[in-house]
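Quick note on numbering: the sequence shown equals residues 80 to 443 in the numbering used here.
Note that beta-carbon positions come from the ideal geometry of N, C-alpha and C, so glycine has one too.
Quantities reported herein were computed from a predicted structural model and do not represent experimental measurements.
The next block holds one structure in the form of structure tokens; read it before the comments.
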Amino acid sequence: MKHLILAVTITIFFVSCQSNKKEEATKTVQVATTEKTFFSKDGRTVTPETYPRDETSRQLLKKQDLVGVNTFIHLNQLTPTNDQPIVRMNRDTYYSMAFIDVSKGASITMPEIPEGKYMSIQPVTEDHRIQAMKYGSGTFDLTTHTGTHLYVIIRLDATFTEAEVKKIQDKMSINANSSNPFTANSVNEESFTTVENALKAKMPEVLKRDGFVNATKGMFTDPNDSSIELFTQEKYELGAALGWGGAQMIDNIYETSGNYSTDNCYELTFEDPKNLAFWSITVYDKKGFMFNDLANYSSNTAQANEDGTYTVSFGCGADSPNNLDINNPSGVFNIVVRHYQPSKRVINDDYRIVPFMKEVSNGK
């Protein structure tokens, strides 16, 4: 009898295990073709390791929902603060985005622009690895080390007028030999949000540990070029959560601050880093979104001091130099400094701007 009971117990256990495995398998094979179906209660559990690819899948499906495959989305206005699909977007460049099937070969053609103006093309792979930017006019081949599709981000100089930008964007073209839709496995939304929030919450600790110079190193790399030497799994995960679609350090260097209280007034005075393109400083709320149309100053818009340095003020009033409003419902703000085509001083000498931030009054 004991042997019979044991045999029945083992059988029940085996059947139960097989049933659980089948249920788990069912969770992992739910295929999403839209952003709406990407999140499913029974979808695969998201982990920090899978988050970069999962967030990229969400972004690809979102663009596919809007315009399909091999089609541009042109923003011929600076990013509106009431429509920010990605964290830490900015208003220092105009954007165009394209979602392209490169499985059978594809290229993108960019029109001529005036000399000295900024235009860049940045491909993002399905696993959120960032290819080096291409600049200016010409036809550029598009390839990927994984998957079948690329997300391409195009940035245009903010000194163009909206009419000029529209003319340039209308002349951009895509040539692709395949137009298959993108699909991804559905994921559990609760686990996705939990992981995303946990990754974002790690940044103050990373800033304290690594300092302003090294905090963002390794976030945005390509396994097929020299940037792979900077790759770490931790920074890879953080980069996807904090600034999806960010650029390689050879193209853009990012400085990210911690949170500052909106109760105080702050100033940032610094020497011009003399980047090949320009620098910009953008203000965000706690979650990484802009909250004011005047969200940034750049070397194209800020008024320099008499000695050639720059001062950017935060919450100090209209009479303060290059003042940015910091009031927002989250009660805190943070900044991102971007160095577009950074200078040798920034790349080789580790010159950074955020460390010069200082509080100039306690209570405005």
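#### Entry: Sequence-distant residues of its chain with Cβ nearer than 8 Å to Leu45 (five each side left out)
There is no way to answer for residue 45, as the model of the chain reaches only from 80 to 443.
### Query
Where does Leu317 fall in DSSP's three states?
One-based indexing of the sequence shown puts residue 317 at position 238. Residue state, collapsed to three classes: helix.
### Query
Hey, Thr227 and Thr112: beta-carbon distance below 8 Å or not?
Locating residue 227 in the sequence shown gives position 148, where the first residue counts as 1. Locating residue 112 in the sequence shown gives position 33, where the first residue counts as 1. Judged by beta-carbon spacing, Thr112 lies beyond the 8 Å limit of Thr227, meaning their Cβ atoms are not closer than that value.
### Task
Apply the 10 Å Cβ neighbour rule to Glu191 and answer buried if 16 or more other Cβ atoms are within range, or exposed otherwise.
As a working mapping, residue 191 is identified with position 112 in the sequence shown. In this structure Glu191 is exposed. Its beta-carbon is surrounded by fewer than 16 other beta-carbon atoms within 10 angstroms.
### First through last residue of the beta strand (DSSP E) which encompasses Lys120
For the purposes of this step, residue 120 is taken as the residue at position 41 of the sequence shown. Phe118 to Arg123 is the extent of the beta strand (DSSP E) around Lys120.
### Sub-8 Å separation of Lys213 and Ile232 beta-carbons
Reading the sequence shown from its first residue, position 134 is the one you call residue 213. Reading the sequence shown from its first residue, position 153 is the one you call residue 232. No, Cβ-Cβ distance for Lys213 and Ile232 is not below 8 Å.
#### Entry: Sheet register partners of Met198 (DSSP bridge)
Taking the sequence shown and counting its residues from 1, one reaches residue 198 at position 119. DSSP, once it has assigned bridges, lists Leu235 as partnering Met198.
### Query
Excluding the five sequence neighbours on either side, which residues of its own chain have a C-beta within less than 6 Å of the C-beta of Gly297, listed in chain order?
Within the sequence shown, numbered from 1, the residue matching residue 297 stands at position 218. Leu309, Phe310, Thr311 and Lys314.
### Counted within 10 angstroms of its Cβ, other Cβ atoms place Lys183 as buried (16 or more) or exposed
As a first step, residue 183 must be located in the sequence shown, where it is residue number 104. Exposed, by the Cβ-count rule.
### Query
Three-state secondary structure (DSSP) at Phe219?
Numbered from 1 along the sequence shown, position 140 holds the residue referred to as residue 219. Note: Phe219 maps to strand in three-state DSSP.
### Query
In terms of residue numbering, what span does the alpha helix (DSSP H) encompassing Val244 cover?
Within the sequence shown, numbered from 1, the residue matching residue 244 stands at position 165. Glu241 to Asp249 is the extent of the alpha helix (DSSP H) around Val244.
### Terminal residues of the beta strand (DSSP E) in which Met282 lies
Translated into positions along the sequence shown, residue 282 becomes position 203. No beta strand (DSSP E) holds Met282; the alpha helix (DSSP H) holding it covers Met282 to Asn293.
### Query
Quick one: what does DSSP say Glu128 is sitting in, helix, strand or coil?
Sequence index remark: in the sequence shown, residue 128 carries index 49 (1-based). DSSP, reduced to helix, strand and coil, places Glu128 outside both helices and strands of the structure shown, so it counts as coil.
#### Entry: Residues sharing a beta bridge with Met436, DSSP
For the purposes of this step, residue 436 is taken as the residue at position 357 of the sequence shown. Answer by DSSP bridge pairing, in chain order: Leu347.
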